[in-house]
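Input: a single structure, listed below in structure tokens.
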Amino acid sequence: MRLISLLFILFATSAFSQTIISGKVSDKSSNKALPGSSVFIKDNYWGTVTNNQGDFRIKIPENYRFGKLCFSSIGYKTKEVSLDKIKSSLKVNLQKDTCDLNEVLVMPKDTLLALLRRAYRKIKDNYLDEDTRMKGFYRETFFLADSKEYLYFGEALLDIFKTSYKTSSAGQVKVLNSRMNKHPMYDSLSRIMWYGGLLRSLRGDVVKRRKEFISPVAFKDYKYSISKSVIDGRKAYKIEFLPQKDSGASYKGAFYLDEETLAYVYFDYSRSKNGEKKRNKELFLNELKSLATQFKVKYLKNGNKYYLAYNSYREQLFNSRIGKDLISVDEYLTKDISDTNAKPIDYDEQVQLRDVFYLEAKNYADTDWKDETILVADSAVNKLMTYNTTEADTLLKKKYAIPKNIRFKRKLIDILFRTYFDLDFAYTSTTHPSNINLSYTPTAEHNFANSKQISESHSFSYGMKMGYKLNRKMDINYYSSESIGKYLSEKQSFGIAYETPIINRGRQLLMMGGVNYFFFNSGYHIGDFKNERSFRAGGKKIRADEIGLFVGKKKQGISLDIGLKTKLHGGYSIFLSGAYQLNLSERDRLFIREKSGFIFARKKTDISLSDSSVKYFENGMQTIKTTFDTDDFYLKAGIRFAF
């Protein structure tokens, strides 16, 4: 099946009986389409951009029916059209602004860098300085480069919470609605499931993320040149940048600064050779090689503040398994912005970086977005073959059954994305006698004896947890820990955990709580002994050439955890927690551990201190109970890995 190039009928609503305006933006002299042109309501955030054929579609709210619709493009004069005068098909021709266009400026390096530093410092003044809620449109597509045959086509309507440009901290995204259509060969041609695209409104914002090539910290890694230009009808500086030789810089391209405000208004850049090398290291295990990338980011001005209007990411990839080039395209469009009492999105509804968009999307045939402002699809997003409108609609809405093996793969990926792993270190205090003496004679031929003075009162351990997320807030988990140092500390537990945000903007801070049923062995080290003959203890045959003995307690019960967690980057989080354990049973034991042989085959066992083979003394007094114990409260710090 070939993805279609729909022939959009260009029309505007009469007397606003409908609220959708479609049309085309072209160059006045050549009549060539102007892709990437901005189309927006004057003095408002409401807008869209044209596709590669210059087509656009925009929904006009009733309260703006007497406003003006503006059209702008790089190097062209801005044109305004009164909305109440649009009566028929809308064709907009923009005139080039040739005044000093692309005039190269001779500027000393220090002066140019000083200009770029001023632009960077003015970010907090030029861009939205309050948290906002945005309505956005997102599209991601995947197609074969040679035949332009599409493999996958998906779109989403988004609700976005974005923090102020005063900080580089991230915001949140919620999917309001989504739809997709997929070629039946997609899963056989591509084994990759892309994630993170739904966050393009946040991750693709060059200014907010302070991308390296605009940051003064990285100026030494790039060489810059400057020329004059015009963008959105305003004079601008065009700044071109390339990596310095041997700098290792990752990008090359150009960005535009508004001449008056020094605001960043447009970016068009790609990865450098070094950037492509880094990218291909990420793709190495996925049978893919990145051949070329292109990033485009557009900002528009409303009042005296700029906002992200549009961004796109296009990548050409070579799939070594099928021997074909593939094209992946992500696009984001801001449809509307509200800066009045903007509140974060509920935690349960937030998109995660690891979310695979199309796994949850509806079938394209089951949706109708004719009343929405969207990016008009074109050859830049998967299609070059032209059909008539009826054929296009039929092909795009065709449904395909999902093969069993693909359903299995989806389920497997869902399980993988719900799984997480923790690595932590725990601390607790201990109580113990000052002097001990032990003699253990499992047979007439064995006598393991030692006396010891104990001064340490702290126990450290490391642990690993594997959990499975039942939903955004709740998971079930298994935990195992081992001691660090001479003390014995072995714990296993099965639990259920819950987490919820207490700071839900910027870098989120989450509170964690959990209930676990645990099995815990703890003790102090009596000594390590040579063992020349095998013997039986605790129902097991001990054969190792060396054994270790510990005296302590065997416990089981319920533990309660509470802590705080925050995300560092991508799938990594750090946490700090405390726990208290309620012991339901407790026994005094001699623990026997094999210390030699293959590490995973070493046996562990224990016997009662009242066993006839054990003679145990504390501070000179024989006893069958030990005063050694670990505190029931402990602290834990660690890192979480999640897909």
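Quick note, the sequence shown lines up with residues -17 to -1, 1 to 626 if you use mature numbering (1 follows the signal peptide of the UniProt record, and there is no 0). Heads up, the beta-carbon is just placed ideally off N, CA and C, and yes, glycines get one too.
{"query": "Use the C-beta contact count for glycine 546: other C-beta atoms within 10 angstroms, 16 or more gives buried, fewer gives exposed.", "result": "buried"}
{"query": "Report buried or exposed for alanine 363, applying the criterion of at least 16 other Cβ atoms within 10 angstroms of its Cβ.", "result": "Its pLDDT being 36, under 50, alanine 363 is placed unreliably by the model, and the measurement read from it follows with that caveat. The residue in question, alanine 363, is buried, as its Cβ has 16 or more Cβ neighbours within 10 Å."}
{"query": "What is the residue span of the alpha helix (DSSP H) that tyrosine 103 lies within?", "result": "92 to 104"}
{"query": "Using DSSP with H/G/I as helix, E/B as strand and the rest coil, what is alanine 363?", "result": "Because the pLDDT at alanine 363 is just 36, under 50, the model does not fix this residue reliably, and the value given afterwards should be weighed accordingly. Helix."}
{"query": "For the candidate residues Ala153, Gln155, Leu141, Thr150, whose alpha-carbon lies nearest to that of arginine 162?", "result": "Leu141"}
{"query": "For proline 199, name the three-state secondary structure that DSSP assigns.", "result": "helix"}
{"query": "Do the segment 3 to 17 and the segment 31 to 48 touch if we need at least three Cβ pairs shorter than 8 Å?", "result": "yes"}
{"query": "Since leucine 185 is in the alpha helix (DSSP H), which residue starts that stretch and which ends it?", "result": "183 to 186"}
{"query": "Quick check: the segment 253 to 261 against the segment 230 to 240, are there 3 or more CB pairs under 8 Å?", "result": "yes"}
{"query": "Should glutamate 428 be labelled buried (16 or more other beta-carbon atoms within 10 Å of its own) or exposed?", "result": "exposed"}
{"query": "Do glycine 50 and isoleucine 69 count as a contact pair if the criterion is CB distance below 8 Å?", "result": "no"}
{"query": "Tell me whether glutamate 45 sits in a helix, a strand or coil according to DSSP, three-state version.", "result": "helix"}
{"query": "Give the C-beta separation of glutamine 539 and phenylalanine 501 to the nearest angstrom, bearing in mind that I take them to be a contact with Cβ-Cβ under 8 Å.", "result": "6 Å"}
{"query": "Using CA atoms only, rank isn't needed, just tell me which of Ile106, Ser596, Tyr121 is closest to lysine 151.", "result": "Per the sequence shown, residue 151 should be read as serine rather than lysine. That would be Ile106, whose Cα lies nearest to the Cα of serine 151."}
{"query": "Closest to tyrosine 315 by C-alpha separation, out of Phe616, Phe558, Tyr121, would be which residue?", "result": "Tyr121"}
{"query": "Name, in chain order, the residues that DSSP records as bridge partners for glutamate 314.", "result": "Arg122, Ser295"}
{"query": "Tyrosine 451 and asparagine 499 look like a contact to me (Cβ under 8 Å); what is the Cβ gap, rounded to whole Å?", "result": "So it is not a contact: roughly 15 Å between Cβ atoms."}
{"query": "Contact criterion: CB-CB distance below 8 Å. Does glycine 489 meet it with respect to chain D?", "result": "Within the model displayed, chain D is absent; a lone protein chain is all it includes."}
{"query": "Below 8 Å, how does it come out for the segment 552 to 560 and the segment 429 to 449: are there three or more Cβ pairs, yes or no?", "result": "no"}
{"query": "Could you check the C-alpha separation between threonine 424 and isoleucine 467 for me, to the nearest Å?", "result": "28 Å"}
{"query": "Got a sec? Which residues, its chain only, sit under 8 Å from threonine 606 by beta carbon, not counting five neighbours each side?", "result": "Leu592, Tyr599, Phe600"}
{"query": "Go ahead and label histidine 441 buried or exposed: buried means 16 or more other beta carbons lie within 10 angstroms of its beta carbon, across all protein chains shown.", "result": "exposed"}
{"query": "Can you tell which of Ile437, Ile459, Asn420, Glu473 has its C-alpha closest to the C-alpha of phenylalanine 443?", "result": "Glu473"}
{"query": "Can you have a look at methionine 495 and say buried or exposed, based on whether 16 or more other CB atoms are within 10 angstroms of its CB?", "result": "buried"}
{"query": "Taking the C-alpha atoms as reference points, what is the distance between aspartate 351 and isoleucine 41?", "result": "15 Å"}
{"query": "Can you check DSSP and say which residues form a bridge with proline 416?", "result": "According to DSSP, which records beta bridges pairwise, proline 416 is partnered with nothing at all."}
{"query": "When the Cα atoms are used, what is the spatial distance from lysine 513 to threonine 426?", "result": "15 Å"}
{"query": "I'd like to know if the segment 321 to 336 and the segment 201 to 219 are in contact, where contact means that at least 3 CB-CB pairs between them fall below 8 Å.", "result": "no"}
{"query": "At 3 residues or longer, what runs of the beta strand (DSSP E) sit wholly inside the segment 191 to 245?", "result": "205 to 214, 217 to 226, 234 to 241"}
{"query": "Would you check if the segment 268 to 286 and the segment 298 to 312 touch, i.e. whether three or more CB-CB distances between them fall below 8 Å?", "result": "yes"}
{"query": "Tell me, to the nearest whole angstrom, how far the beta carbon of threonine 414 is from that of phenylalanine 202; I am working on the premise that it is less than 8 Å.", "result": "59 Å between Cβ atoms; not a contact."}
{"query": "I'd like to know whether the C-beta atoms of glycine 510 and asparagine 433 end up nearer to each other than 8 Å.", "result": "yes"}
{"query": "CB alanine 527 to CB serine 579, shorter than 8 Å?", "result": "yes"}
{"query": "Can you name, in chain order, every residue of its own chain whose Cβ lies under 6 Å from the Cβ of serine 184, other than the five neighbours on each side?", "result": "Gly119, Ile143, Tyr315"}
{"query": "What do you reckon, are the CB atoms on tyrosine 293 and lysine 284 nearer than 8 Å?", "result": "no"}
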